[in-house]
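Numbering (the working numbering), first residue to last: 861 to 972.
Ideal Cβ placement from N, Cα and C applies to all residues, glycine included.
Notes for the one structure printed next.
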């Protein structure tokens, strides 16, 4: 599986998922959220743990506010986006596989 904003590697039974959008402080755009969903959905039974890391000086600036403001979403579209965030982050938190965050630099909002 290919990703534009994530690097995904395996080290034995450990999957390393690295946010790779350092120019935007690894802010989570709609595309990054979709890629995180795909990466965590594709974990097979052989994966025993995940390390969530980030390239660049900051781990994650949270929601990509530039994208958020430029899209001028309706209230219904914003609610759909919020539901997507919760669905993906619930998958990470409650997916049954331990996730270790390799935090560094700024860790803001949804980046936590």
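Opening and closing residue of the beta strand (DSSP E) in which residue i lies
i: residue 912; result: 909–914
Distance CB(residue i)-CB(residue j) smaller than 8 Å
i: residue 958; j: residue 909; result: yes
i: residue 971; j: residue 916; result: no
i: residue 861; j: residue 902; result: yes
Nearest-angstrom beta carbon gap, residue j and residue i [assumed within contact, 8 Å]
i: residue 878; j: residue 866; result: 7 Å
i: residue 911; j: residue 876; result: 5 Å
i: residue 900; j: residue 963; result: So it is not a contact: roughly 18 Å between Cβ atoms.
Terminal residues of the alpha helix (DSSP H) in which residue i lies
i: residue 925; result: 925–931
i: residue 901; result: 890–901
i: residue 948; result: 935–954
Within-8 Å CB hit, residue i to chain E
i: residue 940; result: Looking for chain E here will not work: only one protein chain is present.
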